[in-house]
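The block underneath contains the structure these notes are about, expressed in structure tokens.
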Amino acid sequence: MITPVGNRILLVDDDRDFVDAAGLVLAEQHFEVITCCSADEALDHIKGSNIHVVLTDIKMPGVSGIELLEKIHALNSHLPVILMTGYAELGLAVDAIRKGAIDFIMKPSHPDYLVHAVKKALQHRNLIKFREDYKQYLEDIVRQRTHDLELAKQKAESFSRELVERLTTIAEFRDYEEGLHVKRTGILSELIF
Numbered sequence: 143m144i145t146p147v148g149n150r151i152l153l154v155d156d157d158r159d160f161v162d163a164a165g166l167v168l169a170e171q172h173f174e175v176i177t178c179c180s181a182d183e184a185l186d187h188i189k190g191s192n193i194h195v196v197l198t199d200i201k202m203p204g205v206s207g208i209e210l211l212e213k214i215h216a217l218n219s220h221l222p223v224i225l226m227t228g229y230a231e232l233g234l235a236v237d238a239i240r241k242g243a244i245d246f247i248m249k250p251s252h253p254d255y256l257v258h259a260v261k262k263a264l265q266h267r268n269l270i271k272f273r274e275d276y277k278q279y280l281e282d283i284v285r286q287r288t289h290d291l292e293l294a295k296q297k298a299e300s301f302s303r304e305l306v307e308r309l310t311t312i313a314e315f316r317d318y319e320e321g322l323h324v325k326r327t328g329i330l331s332e333l334i335f
């Protein structure tokens, strides 16, 4: 279950009326909504804030929503981006999804669908974050276990050397010639391995 509180949503659209309406819908659901009217302003927010989901219009002056999507993913490939448009173009929607958009919304959209799309994007983001955290956890375990095995190996080698030296010393006390033979055998064994 996604808790809206604390999740920062960046809403990018040059249509001020839509930005106000969508921002109000999301704010009523307790999302923290940041609004802006241009791609440059959006990129500044993404670089400077911890944004969780971006909703952007496709047709904006200057940089389009598709171009903004590409720039966002160049900065943060895991940041979910939902593209919105007032023009129903299937080819555009397919292109947006291929380029990494998490969803495609027609404007004006029903408030419930807008909230659902944002929650779905947050779930996607949280899943990716969980996967990355779990991967890091496993890497840390492997690193620690490798270190532990290396220490155990060093102790075993040290113990083996010490055991051979003690057995050699015992054999030397029994018979000097036999002791030298055991010592030479130990040295040759060490050279071989």
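The sequence shown begins at 143 in the working numbering and counts up one residue at a time. Think of the CB as a built atom: it goes at the ideal place given N, C-alpha and C, for glycine as much as any other residue. Remember, it's a predicted structure, so these values are computed and weren't measured experimentally.
inquiry  = Let's see if you can read the secondary structure: which residues bound the alpha helix (DSSP H) around V110?
reply    = No answer is possible for residue 110: the residues shown for the chain start at 143 and end at 335.
inquiry  = Restricting to Cα atoms, I'd like to know which of Y276, R308, A216, V223 is closest to V260.
reply    = Residue V223 is the option with its Cα nearest to V260.
request  = Consult DSSP for L221 and reduce its assignment to one of helix, strand or coil.
outcome  = DSSP, reduced to helix, strand and coil, places L221 outside both helices and strands of the structure shown, so it counts as coil.
request  = Can you give me the Cβ contacts of M248 inside the same chain, cut-off strictly under 8 angstroms, excluding the 5 residues immediately before and after it?
outcome  = Result list for M248: M226, T227, G228, A230, in chain order.
message = Please state whether the Cβ-Cβ distance between V195 and I151 is less than 8 angstroms.
response = Result yes, Cβ atoms of V195 and I151 sit closer than 8 angstroms.
task = Alpha carbon to alpha carbon, how far is D290 from L322? Give it in angstroms, no decimals.
result = Between L322 and D290, the C-alpha separation is close to 37 angstroms.
message = Do K189 and L217 count as a contact pair if the criterion is CB distance below 8 angstroms?
response = In this structure, K189 lies closer than 8 angstroms to L217 by Cβ.
key: Where D254 sits in the DSSP three-state scheme   = D254: helix per DSSP, three-state reduction.
inquiry  = My output table needs one value for V205: the three-state DSSP class, helix, strand or coil.
reply    = Coil.
query = Would you report the Cα separation of S180 and V167, rounded to the nearest angstrom?
reply = Taking the straight line from one Cα to the other gives about 21 angstroms.
key: Cut-off 8 angstroms between Cβ atoms - residues of its own chain near P253, not counting five sequence neighbours on either side   = The answer, listed in chain order, is V167.
task = With distances taken Cα to Cα, identify the nearest neighbour of T311 among S219, H220, E170, R326.
result = Nearest in C-alpha terms to T311, of all of S219, H220, E170, R326, is R326.
key: Member of D186, I270, R285 whose CA lies at the smallest distance from the CA of S219   = Its Cα nearest to that of S219, the residue I270 stands out among D186, I270, R285.
task = Evaluate L333 with the Cβ neighbour count: other Cβ atoms within 10 Å of its Cβ, from every protein chain shown; 16 or more gives buried, anything less gives exposed.
result = By the 16-neighbour rule on beta-carbons within 10 angstroms, L333 is exposed.
inquiry  = So for E274, helix, strand or coil by DSSP?
reply    = Per DSSP, reduced to three states, the secondary structure at E274 is helical.
inquiry  = Tell me the DSSP secondary structure of I214 in three-state form.
reply    = The answer is helix: DSSP assigns I214 an H, G or I state.
ask   = Whose CA, out of A243, L264, V257, D155, lies closest to the CA of K201?
value = Closest option to K201, Cα to Cα, is D155.
query = Residues in its own chain within less than 7 angstroms of L305 by CB, not counting five upstream and five downstream?
reply = Once the five neighbours on either side are set aside, L305 has no close Cβ partner at all.
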